[in-house]
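S.K.: My structure is below; once you've seen it, I'll send some questions.
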């Protein structure tokens, strides 16, 4: 999966197919698509009803014959045909015509660290079905590190934490390559699930799936940190009667429920640091950890990592789009490779 910058510069379009959102970057234009990876299908006719933001709003609100599907799970395409149809509609007719004019259309795509050959093949097949003659695969960790401005090509350690919807990836990078990395099957979805399960078991309240993220944002300012209101009012459906009900939830207990899935992330960071050479760990004491990905914005998560590791923790300026912007920077030739053999040039 190691691909040279020279090959990437020949690509015309960069795609980041995430479990939560799909993003497309076109060379010379910029970010053209940033929509949820969701499609709504009529099961009677097979017709595509909606994609992206509108399809996500339909989740849990559709009649029996309309099914809301997510063709990407855990950073891997699980339904190639549906992923192609979704991408086709997200790109729109005008942009597809522009891309179709390129006789040798090349595409670059992000793939999770240590993804199996079958998952890589599914990503390639998806883009080939849209007209790409050649597809280059780039590790999400490297693309995200480039996108948030880390000095990836330098002989110093940089640690990156990619907080996705389905998985969290953590790695130490040096000289443009991954020194050691870990992929943890815990992401934003697991955190949402922990909140839903807590409310169901402790308060017998079913929370609508689309209310979980607003609830976490309502806890902003206290989130995973002990500052802020002691309780928050939450509206949902009673498990026994099915009637609408409101309860006052102790925010300290919600914080505890969020901590449970995040211990796996802390274990992953510990494993990466144990496997890392001591010289690089010494660099990390000053540089710290860079957080990217949509779930990096979870209130208080950065403070929790600071307390657990004792290292500085930074959140990227635009954490949700770092990977596709990094891939776009490689396409446009804004990243210069480090010369590893300067003596040969001096002769």
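Numbering (my numbering), first residue to last: 333 to 679.
Positions of the beta carbon are idealized from the N, C-alpha and C atoms, including for glycine.
Could you tell me which of 643, 631, 437 and 413 sits nearest to residue 465, measuring between CA atoms?
M.R.: Checked all of 643, 631, 437 and 413; the closest Cα to residue 465 is 437.
S.K.: Looking only at its own chain, which residues have a Cβ that is under 8 Å from the Cβ of residue 638, when we skip the five neighbours before and after it?
M.R.: Only 644 and 645 meet the Cβ criterion.
S.K.: May I ask which residues mark the beginning and end of the alpha helix (DSSP H) holding residue 344?
M.R.: No alpha helix (DSSP H) holds residue 344; DSSP gives it neither H nor E.
S.K.: Helix or strand or just coil, what does DSSP make of residue 362?
M.R.: In the structure shown, residue 362 sits in a strand (DSSP, three-state: E or B).
S.K.: For residue 375, which of helix, strand or coil comes out of DSSP?
M.R.: Coil.
S.K.: Excluding the five sequence neighbours on either side, which residues of its own chain have a C-beta within less than 6 Å of the C-beta of residue 489, listed in chain order?
M.R.: If we look at residue 489 and ignore the five residues flanking it on each side, its Cβ neighbours are 504, 506, 612, 615 and 616.
S.K.: What separation, rounded to the nearest whole angstrom, lies between the Cα atoms of residue 494 and residue 603?
M.R.: For residue 494 and residue 603, the distance between alpha carbons rounds to 16 Å.
S.K.: So residue 659 packs on residue 475, CB below 8 Å; how close in whole Å?
M.R.: Between residue 475 and residue 659 the Cβ distance is about 5 Å, and since that is below 8 Å, they are a contact.
S.K.: Given that a residue counts as buried once 16 or more other Cβ atoms are within 10 Å of its Cβ, and exposed if not, what is residue 379?
M.R.: By the neighbour-count rule (16 or more Cβ atoms within 10 Å), residue 379 is not buried but exposed.
S.K.: Taking its Cβ as the centre, do 16 or more other Cβ atoms sit within 10 Å of residue 374, making it buried, or is it exposed?
M.R.: Per the 10 Å Cβ criterion, exposed.
S.K.: I think residue 625 touches residue 498, with their Cβ atoms under 8 Å apart; what is that distance to the nearest whole Å?
M.R.: Contact doesn't hold; Cβ gap of about 11 Å is too wide.
S.K.: Just to confirm before moving on: does the CB-CB distance between residue 372 and residue 409 stay below 8 Å?
M.R.: No, Cβ-Cβ distance for residue 372 and residue 409 is not below 8 Å.
S.K.: For residue 381 and residue 411, I'd like the C-alpha separation in whole angstroms.
M.R.: Each residue's alpha carbon lies about 17 Å from the other.
S.K.: May I ask which residues mark the beginning and end of the beta strand (DSSP E) holding residue 612?
M.R.: Here residue 612 belongs to no beta strand (DSSP E); instead the alpha helix (DSSP H) covers 610 to 619.
S.K.: My understanding is that residue 346 touches residue 369, with C-beta atoms under 8 Å, so please give their C-beta distance in whole angstroms.
M.R.: At roughly 16 Å, the Cβ-Cβ gap does not stay under 8 Å, so residue 346 and residue 369 are not in contact.
S.K.: How would you write the range of the alpha helix (DSSP H) that residue 654 sits in, first residue to last?
M.R.: Per DSSP, residue 654 belongs to the alpha helix (DSSP H) from 654 to 663.
S.K.: Are the CB atoms of residue 430 and residue 458 nearer to each other than 8 Å?
M.R.: Not a contact, by the Cβ cut-off of 8 Å.
S.K.: May I have a chain-ordered list of the alpha helix (DSSP H) segments no shorter than 4 residues that lie completely inside the stretch 465 to 493?
M.R.: 472 to 479, all fully within the stretch 465 to 493.
S.K.: What does residue 380 pair with, by DSSP beta-bridge criteria?
M.R.: 373.
S.K.: Check whether the stretch 579 to 592 touches the stretch 515 to 529, counting contact only when three or more Cβ pairs, one atom from each stretch, lie closer than 8 Å.
M.R.: With a cut-off of 8 Å, the stretch 515 to 529 and the stretch 579 to 592 count as touching, because enough Cβ pairs lie within range.
S.K.: Do you know offhand how far residue 572's Cα is from residue 536's?
M.R.: Taking the straight line joining both Cα atoms gives about 8 Å.
S.K.: Determine which residues share a DSSP beta bridge with residue 580 and list them.
M.R.: In DSSP, residue 580 forms a bridge with 565.
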